[in-house]
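All residue numbers for the sequence shown refer to the numbering used here, where the first residue is 167 and numbers rise by one.
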Amino acid sequence: AAEHQRTAPLPSPSNKPSQASLSPRKRRQAEFKYLGTTLDCHPLELWPRLFSQPRLRAKDLDLHVGRRIRLLAWPITAKPVLTSSEEPMEFVSFEDETAIIEAVLFPDAYRKYRHLLFEEAPLWITGLVESNRGALSLTIESIKKAEQA
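Here you go:
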């Protein structure tokens with residue numbers, strides 16, 4: 167039976183568009199669409215108009231301990247956990263083009279904003295910068311998709 171199966175021929179490499187024919191922006195958008203990331207820039211750079219808005223950079227968090235801040239960031243990993251009273255919350259790592267931010271969404275924030283995480287879009291995150299034995303973290307108060315902010 168296997169000898170009677172037909173397969174479609176593979177497309178000729180000459181039929182596919184050359185990467186050289188794509189502008190850098192179009193190439194990055196295609197990389198993001200098909201790979202889920204970009205190869206030569208941070209994914210936030212796909213939204214250049216957002217860089218003109220006032221924001222803090224992750225590398226400068228240590229200068230803002232005890233303050234509420236606003237960052238443009240990209241979620242990269244998360245770990246959902248339960249509180250001692252069995253309420254869901256989440257630890258999330260975000261990044262911008264300068265550094266990684268460790269953040270926590272306590273139960274109220276988790277219920278409000280968990281649906282925004284991992285939508286492959288830049289997020290405006292607002293929260294309180296805290297330091298515990300030299301380790302910085304951000305207690306999330308709000309999250310908005312950057313296109314909606």
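Where is the CB? At the ideal position from N, CA and C, for every residue including glycine.
Being a predicted model, the structure only gives us computed values, none of them experimental.
Buried or exposed for residue i, please, with buried defined as at least 16 other CB atoms from any protein chain shown within 10 angstroms of its CB.
i, result
"ILE242", "exposed"
"PRO288", "buried"
"GLY232", "exposed"
"LEU248", "exposed"
"ASP262", "buried"
Hey, how far is the Cα of residue i from the Cα of residue j?
i, j, result
"LEU210", "ILE266", "13 Å"
"ALA301", "ARG236", "19 Å"
"ARG299", "LYS311", "32 Å"
"GLU296", "THR305", "7 Å"
"TYR279", "GLU286", "14 Å"
"GLN219", "ARG193", "25 Å"
"PRO273", "HIS281", "13 Å"
"TYR276", "ARG191", "34 Å"
What span of residues does the beta strand (DSSP E) with residue i cover, start to end?
i, result
"PRO143", "Nothing can be reported for residue 143, as the shown portion of the chain is limited to 167 through 315."
"ALA301", "301 to 311"
Report yes if the CB atom of residue i is closer than 8 Å to the CB atom of residue j, and no otherwise.
i, j, result
"PHE257", "ALA239", "no"
"MET255", "LEU229", "no"
"GLU253", "SER303", "no"
"LEU294", "ARG234", "yes"
"GLU307", "THR292", "yes"
"LEU188", "ALA244", "no"
Note down, one range per segment and in chain order, each beta strand (DSSP E) of at least 3 residues found wholly within the segment 201 to 264. DSSP runs (the beta strand (DSSP E)) wholly in the segment 201 to 264: 234 to 248 and 254 to 261.
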